[in-house]
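Student: Respectively, the protein sequence lines represent chains Z and F. Here the first sequence is numbered in this note's numbering, starting from 1 and rising by one per residue. Here the second sequence is numbered in this note's numbering, starting from 241 and rising by one per residue. Sharing a structure here in C-alpha cells format.
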Amino acid sequence: MPNSGKFGRCLALAIAFGLGLWICNSGLIGQIASYQEDILYLTNQHMVLVGVSGGAAILLGIPTGIWLSRPKMERWAETVMQVFNIGTTIPTLAVIALSMTLLGIGFAPAVFGLFVASLLPIVRNTYAGLLAVPAHLKEAAFGMGMTPGQILLRVELPNALYVILSGVRTALAINVGTTPLAFLIGGGGLGELIFTGIDLMDTGMLLAGAVPTAMLAVLVDFLMGQGQLRLIPRGVNPLR
Amino acid sequence: MIRLENLTKVFETANGPVVAADDVSMEVPEGEICILLGPSGCGKTTALKMINRLIPLTSGKIYIDGRDTAKLNDVELRRNIGYVIQQIGLFPNMTIEENICVVPKLLGWDMNKAKKRAAELLDLVNLDPHQFLRRYPKELSGGQQQRVGVIRALAADPPVMLMDEPFGAIDPINREVIQDEFLKMQSELKKTIMFVSHDIDEAVKMGDKIAIFRAGKIEQYDSPDRVLAHPSNEFIADFVGADRTLKRLRLITAEQVADASAPAVSRHGKARDTLAAIREHGSQIAVVIDADHHPVGYVSAEMVEGAGGLVHEMARPLPATVPARADLRAVVSEMFAHDTMWLAVVDDQGRFVGVVTQPAVTLALGETYRRDAGQAA
Chain Z
1 MPNSGKFGRC LALAIAFGLG LWICNSGLIG QIASYQEDIL YLTNQHMVLV GVSGGAAILL
61 GIPTGIWLSR PKMERWAETV MQVFNIGTTI PTLAVIALSM TLLGIGFAPA VFGLFVASLL
121 PIVRNTYAGL LAVPAHLKEA AFGMGMTPGQ ILLRVELPNA LYVILSGVRT ALAINVGTTP
181 LAFLIGGGGL GELIFTGIDL MDTGMLLAGA VPTAMLAVLV DFLMGQGQLR LIPRGVNPLR
Chain F
241 MIRLENLTKV FETANGPVVA ADDVSMEVPE GEICILLGPS GCGKTTALKM INRLIPLTSG
301 KIYIDGRDTA KLNDVELRRN IGYVIQQIGL FPNMTIEENI CVVPKLLGWD MNKAKKRAAE
361 LLDLVNLDPH QFLRRYPKEL SGGQQQRVGV IRALAADPPV MLMDEPFGAI DPINREVIQD
421 EFLKMQSELK KTIMFVSHDI DEAVKMGDKI AIFRAGKIEQ YDSPDRVLAH PSNEFIADFV
481 GADRTLKRLR LITAEQVADA SAPAVSRHGK ARDTLAAIRE HGSQIAVVID ADHHPVGYVS
541 AEMVEGAGGL VHEMARPLPA TVPARADLRA VVSEMFAHDT MWLAVVDDQG RFVGVVTQPA
601 VTLALGETYR RDAGQAA
C-alpha cells in the first residue's frame, strides 16, 4: 500500500523534526559535543571489541557449521546443536559475568563473552543453511563428477549463503548491542559513557554513549544488508 | 556400449537385507536407448545409479565401451557419463552458461571452448544463446530448464548417458515436444543411453530396447515391439496393459504400410484407362494427382465404370491425407475420424506416396504373430 507507506514516512519525518527541535532547545547537543574526545576514543575501543569478538565468532562459527553439516557428523550434529541452543538461553549479561569469573577483568574476558554470545547464530544458520540445500542438487553435483570439496564450494555454500549471512547479521546486531556491557567487566567501549551517565543521572553523558552505539548498530546492519545484496549470486538472492 | 554382468545390490536395513538388484545382466549396444521400465521399487533406479556409483554395488561388473569401470575412480568415471535427473538439478546459483560449463570446467577445458560449446548446445535445443546464457535457472520455465538439464549432461560429449525419469516432471504437452526433440538430437548424436521410466508409452516411444524390472530382476529385455506383441509372462502382459496391441501402432509409420503401387491417375487421364488400372491393381479406388504429384481427389471403380471423359470431371475430394512419417496410431485415428477404410499418404513436400488401408494396418500388426507361428511349425 503506497499510501500508508507515504504516510509512515511523513510521520517519521515529523517525529524526527520534533525530536530535533526538542534536543536543540534543551541544549543537549552542546552537552554531548563536550564529550567529543571521549566519544572518539571509546567508539574506537567499541569497534575493536566488536571487530575482534565478531570476527573470531565468524572465523570459528562458519567452519563449525560446515563441519556439523557433513554427512559423517550426521549422528552427532543435532546433539551438538542442542548444547549450543541451551547456550543461547543464557542471557548475555550472565555470559559476560561468567566470562569475568573465568578470565578476570579487562579486554580479554570482554572479547570472550561477546564472542560466545555471537557464536551461536552463526553456527546455527551455517548448519541449517547447508542442510537446507536440496538433496537433488547434491546428487546432480556428485553425478557430474564433482569432489565433495568442489560440491561444498560451488554448490552448497553459494546456495546457503543467504541464510549464513543472515546468521552473521543477527550475530553482529547482538554483538554491537551487547558490547556496552563490556564496560561492566572493565572492557571499555561506549558503555563507559552510558553507565556512568546513568549513575550520575547525566542525560548528556548518557546520550553521548547511547547515540553512537545506536548509530554503530544501524551502520553494521546496513553494511551487512548491502553485503547480502551484493555478495550473493542473483540466482539465489531473494533480495534481487 | 554398456554391459552389466551379474549386478547385485543388497541394502542392509534394520529389518534384514533387502535385495534391490538381483543378478542383473544386460548389454546396451552402442548408440541405442535402453529403457529400464517397471513399477516403483523394482530396482530400475538402483541399477542405473550403480553405473555411475551413486549407489555402490554389492557385486558384479560394469563395462563401458568394453572397459571395466572398476578400474576408474568415482570422479573420473562420472565426468565421462552424462547424468540427467527428474528434478533437473540445475544449480540455482549459476547462470545457464555456468551450469552447462560445469563438467567441461571440471575436465580442465579451455574456458572459451567451453563457452562456445554452451552456445552451440543451446542452439541445438532451440533456445537462443544470446537470450539464455546469462539467465539464472529460476528465470526459465520447467520445459526450458529440462532442456538445459539434458544439454548440460551432453556438454563434455560423453559417450554414455544415464537418465533417471528425465521428463517425468514436465506437463504432458511439453513432454511430447521434448521427447521428440531429444529423439531428433539422438538420431545425430548416437549416444548410448540408459533411461529409467515408469511410463510404458514413453518407453515404447523412446526406447530401442526395453528392460522390464520386477523385484530387482529383469523380467524381459527386448525391443518395444517384442515386449508389446510377445510379453514373456502375465506380469509383463499386465504391466504393458490390455491395449498393448494399440500401443504397437505407434511403432510403425504410415510409409511402412503404404501401398506405393496403388493406382494414381493424372487429372487429365481417361476414365476408361483408370478403370483398367484399378482392376489391374485389384483395388476399389484410384487417387487423382496433379502435375506436381499432389493428390487432389479420388475416383472409385463404380464412378468410372462405363463413364467417358476425363477423371477430374468425376473425381471426389479426398477424405484426408496423412504424412508418411506419421505413426499408425495417428493414421487409424484419422481413418475413424473420417469414417474411411483408406487414406492417401503424402511425403514432406505433399507429394503422393501411396495408400494405406485398414486391412494393411491389421496385416502389419499381425505379421509378428504369423512369423512366430511359421517358426513354430
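Glycine included, each C-beta is placed from N, C-alpha and C at the ideal position.
#1: By the three-class DSSP mapping on this structure, what secondary structure does Met1 of chain Z have?
#2: Using only the alpha-carbon positions, how far apart do Arg415 of chain F and Ile433 of chain F sit?
#3: The beta strand (DSSP E) with Asp263 of chain F in it runs from where to where?
#4: Taking DSSP's pairing of strands, which residues face Asp567 of chain F in a bridge?
#5: What is the rounded straight-line gap between the Cα of Lys449 of chain F and the Cα of Tyr461 of chain F?
#6: List the residues of chain F that Thr126 of chain Z touches, going by C-beta distances under 7 angstroms, in chain order.
#7: In this structure, what does DSSP give as the bridge partners for Met146 of chain Z?
#8: Any beta carbon from chain Z within less than 8 angstroms of Gly382 of chain F's own beta carbon?
#9: Any idea if Leu330 of chain F is buried or exposed, counting beta-carbon neighbours within 10 angstroms, 16 or more meaning buried?
#10: Does Leu207 of chain Z pass the burial test, meaning 16 or more other C-beta atoms within 10 Å, or should it be called exposed?
#11: Here's the rule I'm using: 16 or more other beta-carbon atoms within 10 Å means buried, otherwise exposed. How should Lys6 of chain Z be labelled?
#12: So for Cys10 of chain Z, helix, strand or coil by DSSP?
#13: Classify Trp582 of chain F as helix, strand or coil using the three-state DSSP reduction.
#14: Short check: CB of Asn159 of chain Z to CB of Gly54 of chain Z, under 8 angstroms?
#15: Using the C-alpha atoms, what's the distance from Pro399 of chain F back to Ala141 of chain Z?
#16: If you draw a straight line from the alpha carbon of Ala217 of chain Z to that of Cys10 of chain Z, how long is it in whole angstroms?
#17: Which residues mark the beginning and the end of the alpha helix (DSSP H) in which Gln426 of chain F is found?
#18: Report the neighbours of Met334 of chain F on chain Z: residues whose CB is nearer than 7 angstroms to its CB, in chain order.
#19: Going by DSSP, which residues form a beta bridge with Arg307 of chain F?
#20: For Arg512 of chain F, which of F:Val551, F:Gly383, F:Val527, F:Leu362 has the nearest alpha-carbon?
#21: Give me the Cα-Cα distance between Asp420 of chain F and Gln371 of chain F, rounded to the nearest whole angstrom.
#22: To the nearest angstrom, how far is it from the Cα of Met1 of chain Z to the Cα of Leu568 of chain F?
#23: Within 8 angstroms of any Cβ in chain Z, is that where the Cβ of Met319 of chain F sits?
#24: So, do the region 164-174 of chain Z and the region 112-128 of chain Z have three or more beta carbon pairs nearer to each other than 8 angstroms?
#25: State the CB to CB distance for the pair Val527 of chain F and Ala584 of chain F, rounded to an integer number of angstroms; the pair is presumed to be in contact (CB under 8 angstroms).
#26: Measure from the alpha carbon of Pro559 of chain F to the alpha carbon of each residue in F:Pro296, F:Gly549, F:Ile525, F:Gly546, then state which is nearest.
#27: By alpha-carbon positions, which one of Z:Gln226, Z:Gly235, Z:Asp221 ends up nearest to Val50 of chain Z?
#28: Please report the residue range of the alpha helix (DSSP H) in which Gln371 of chain F lies.
#29: Label Pro238 of chain Z either buried or exposed according to how many other C-beta atoms from any shown protein chain fall within 10 Å of its C-beta, with 16 as the threshold for buried.
#30: Among the candidates F:Ile275, F:Lys284, F:Gln327, F:Ile273, whose CA atom is the shortest distance from the CA of Asp263 of chain F?
#31: Who pairs with Arg454 of chain F in a beta bridge, going by DSSP?
#32: When the Cα of Ala132 of chain Z is compared with those of Z:Ser69, Z:Gln31, Z:Ala97, which residue comes out closest?
#33: For Lys510 of chain F, I'd like the list of residues in its chain whose CB is within less than 7 angstroms of its CB, leaving aside the five on either flank, ordered along the chain.
#34: So is Val276 of chain F buried or exposed if we call it buried at 16+ other beta carbons inside 10 Å?
#35: Our contact map puts Ala56 of chain Z next to Tyr127 of chain Z with C-beta atoms below 8 angstroms; I'd like the distance itself, whole angstroms only.
Tutor: By the coordinates alone:
#1: For Met1 of chain Z, the pLDDT reaches just 49, beneath the cut-off of 50, and the residue's location in the model is therefore unreliable, leaving the point undetermined.
#2: Approximately 18 angstroms between the Cα atoms of the pair.
#3: First-last of the beta strand (DSSP E) with Asp263 of chain F: 256-268.
#4: According to DSSP, which records beta bridges pairwise, Asp567 of chain F is partnered with F:Thr493.
#5: Spanning the two alpha carbons is a distance of roughly 7 angstroms.
#6: In chain order: nothing, as chain F lies at least about 16 angstroms away.
#7: Under DSSP, no beta-bridge partner is assigned to Met146 of chain Z.
#8: No, because no Cβ of chain Z sits closer than 8 angstroms to the Cβ of Gly382 of chain F.
#9: Only buried fits Leu330 of chain F, as 16 or more other CB atoms lie within 10 angstroms of its CB.
#10: By the C-beta density criterion, Leu207 of chain Z is buried, having at least 16 other C-beta atoms within 10 angstroms.
#11: Of the residues assessed, Lys6 of chain Z falls on the exposed side of the cut-off, its CB having fewer than 16 other CB atoms within 10 angstroms.
#12: Three-state DSSP puts Cys10 of chain Z in a helix.
#13: In the structure shown, Trp582 of chain F sits in a strand (DSSP, three-state: E or B).
#14: Result no, Cβ atoms of Asn159 of chain Z and Gly54 of chain Z do not sit closer than 8 angstroms.
#15: If you draw a straight line from the Cα of Ala141 of chain Z to the Cα of Pro399 of chain F, it comes to about 19 angstroms.
#16: So the two alpha carbons sit approximately 24 angstroms from each other.
#17: In this chain, the alpha helix (DSSP H) harbouring Gln426 of chain F covers 412-429.
#18: Contact note: Met334 of chain F reaches chain Z through Gly235, using a C-beta cutoff of 7 angstroms and chain order.
#19: Answer is F:Ile304.
#20: Nearest option by C-alpha distance: F:Val551.
#21: Just so you know, the alpha carbons of Asp420 of chain F and Gln371 of chain F end up roughly 23 angstroms apart.
#22: Because Met1 of chain Z sits at a pLDDT of 49, beneath the cut-off of 50, its placement in the model cannot be relied upon, and the following sentence gives the value as read from the coordinates. Linking Met1 of chain Z to Leu568 of chain F through their CA atoms gives a straight-line distance of about 59 angstroms.
#23: In the sequence under discussion, the amino acid at residue 319 of chain F is Arg, which differs from the Met named in the question. Interface residue, yes.
#24: Segments in contact, yes.
#25: In this structure, Val527 of chain F and Ala584 of chain F form a Cβ contact; the two beta carbons are roughly 5 angstroms apart against a cut-off of 8 angstroms.
#26: Among F:Pro296, F:Gly549, F:Ile525, F:Gly546, the Cα nearest to that of Pro559 of chain F belongs to F:Ile525.
#27: When each option's Cα is compared against that of Val50 of chain Z, the closest is Z:Asp221.
#28: Unbroken alpha helix (DSSP H) run through Gln371 of chain F: 369-372.
#29: Exposed, because fewer than 16 other Cβ atoms sit within 10 Å of the Cβ of Pro238 of chain Z.
#30: Among F:Ile275, F:Lys284, F:Gln327, F:Ile273, the Cα nearest to that of Asp263 of chain F is on F:Lys284.
#31: Answer is F:Lys457, bridged to Arg454 of chain F.
#32: For Ala132 of chain Z, the nearest C-alpha among the options comes from Z:Ser69.
#33: The residues are Leu550.
#34: Checking the sequence shown, residue 276 of chain F turns out to be Leu, not Val. With 16 or more other CB atoms across the displayed protein chains lying within 10 angstroms of its CB, Leu276 of chain F is buried.
#35: About 18 angstroms separates the beta carbons of Ala56 of chain Z and Tyr127 of chain Z, which is beyond the 8 angstroms limit, so they are not a contact pair.
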